[in-house]
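For reference, the structure discussed in these notes is given below.
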Amino acid sequence: MEREYRNPFPTVDIIIEIDGGVVLVKRKNPPHGWALPGGFVDYGESLEDAAIREAREETGLEIELIRQFHTYSAPGRDPRFHTITTVYIARAEGTPRAGDDAGEVGVFTRDTLPEDIVFDHRDILEDYFTNRY
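Structure follows, in structure tokens:
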């Protein structure tokens, strides 16, 4: 009897520091709401290259990766399927603009975060703002 193996999908998310805040994108596709820029890692692509690519596609920004922040792997973190994300902290200059599957883009501080943040991104941001990792 052959056994079927299923693995979580690897993803990256990027906390982009700019103008005293962090960049969030409003998703065009479900689940709708605000999210950190990020997405799936392509086959043959490093996590770092995926983070740079996703940031450029969703925000138009060229980023400088500062460091790997933390990995989040709770099976229910994405309602569509099981993902494991590696989160990076990055810096950028310029004006973010919505691209790819981002309907809007904004820069937020801890005190101005929008209500409708999707996935576990509010928890990730709370960890970031409290220097948890």
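Positions in the sequence shown are counted from 1; adding 69 to them yields the numbering used here. Note that CB positions come from ideal geometry on N, CA and C, so glycine has one too. None of these values were measured; they are calculated from a predicted model.
1) Since I believe Ile132 is in contact with Ile121 (beta carbons under 8 Å), could you give me their beta-carbon distance rounded to a whole number of angstroms?
2) Take the Cβ of Gly107 as the centre, count every other Cβ of all protein chains shown within 10 Å, and call the residue buried at 16 or more, exposed below.
3) Express the C-alpha separation of Glu73 and Asp118 in angstroms, rounding to a whole number.
4) With DSSP collapsed to three states, give me the class of Leu194.
5) Exposed or buried, Pro165, counting other C-beta atoms within 10 Å across all chains shown (16 or more means buried)?
6) Output needed for His190: all residues of its chain with C-beta closer than 6 Å, excluding positions within five of it in sequence on either side, in chain order.
7) Using the rule of at least 16 other Cβ atoms within 10 Å of the residue's Cβ for burial, across every protein chain shown, is Phe138 buried or exposed?
8) If you reduce the DSSP assignment to three classes, tell me which class Ala124 lands in.
9) Name the DSSP beta bridge partners of Val110, please?
Result, derived from the coordinates:
1) What you label residue 121 is simply residue 52 of the sequence shown in a count that begins at 1. What you label residue 132 is simply residue 63 of the sequence shown in a count that begins at 1. Their Cβ separation, rounded to whole angstroms, is 6 Å, which keeps Ile121 and Ile132 in contact under 8 Å.
2) Numbered from 1 along the sequence shown, position 38 holds the residue referred to as residue 107. Buried, by the Cβ-count rule.
3) The count along the sequence shown starts at 1 and reaches residue 118 at position 49. The count along the sequence shown starts at 1 and reaches residue 73 at position 4. Taking the straight line from one Cα to the other gives about 30 Å.
4) By 1-based counting over the sequence shown, the position of residue 194 is 125. Helix, per DSSP.
5) Against the sequence shown, residue 165 aligns to sequence position 96. The residue in question, Pro165, is buried, as its Cβ has 16 or more Cβ neighbours within 10 Å.
6) One-based indexing of the sequence shown puts residue 190 at position 121. Short of 6 Å from the beta carbon of His190, and not among the five residues preceding or following it, lie these beta carbons of its own chain, in chain order: Ala104 and Leu105.
7) Residue mapping note: residue 138 aligns to position 69 of the sequence shown, counting from 1. The residue is buried, with at least 16 neighbouring Cβ atoms inside 10 Å.
8) Locating residue 124 in the sequence shown gives position 55, counting from the first residue. It is helical.
9) Against the sequence shown, residue 110 aligns to sequence position 41. Answer is none; Val110 lacks a bridge partner.
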